[in-house]
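Structure record follows, encoded as structure tokens.
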Amino acid sequence: MKAIEFNTIIEADGVIELPDYYKNKCEGPAKVIILQEEVANPKDKVEQEYAKVKEIIKAIQD
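Going by this note's numbering, the first residue of the sequence shown is number 11, and it counts up by one from there.
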């Protein structure tokens with residue numbers, strides 16, 4: 011099995027667009043793994059970072 015990596019946008023109808031370079035090279039069955047970046051607002055990001063710091067402090071204190 012070979013692997014390729016590229017960035018793309020998944021359309022609302024679920025279509026994943028392959029870059030032109032891979033269109034003729036990737037023919038046949040495939041396994042797709044989607045790693046989606048989370049988009050967090052600044053408040054959520056601060057809260058996530060604060061939770062991580064609290065965990066680190068707790069681990070140090072234990």
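The beta carbon of each residue, even a glycine, is placed where N, CA and C say it ideally should be. As the structure is a computational prediction, the values presented were derived from the model and not from experiment.
Item                                                                                             : Value
Whole-number beta carbon distance between Y32 and I14, since they are thought to touch under 8 Å : 6 Å
CB of C36 within 8 Å of CB of L28, strictly                                                      : yes
Inter-residue spacing [alpha-carbon to alpha-carbon] between K41 and D72                         : 43 Å
Bounding residues of the alpha helix (DSSP H) (the contiguous stretch that carries A61)          : P52 to Q71
Cα-Cα separation, I19 to V25                                                                     : 9 Å
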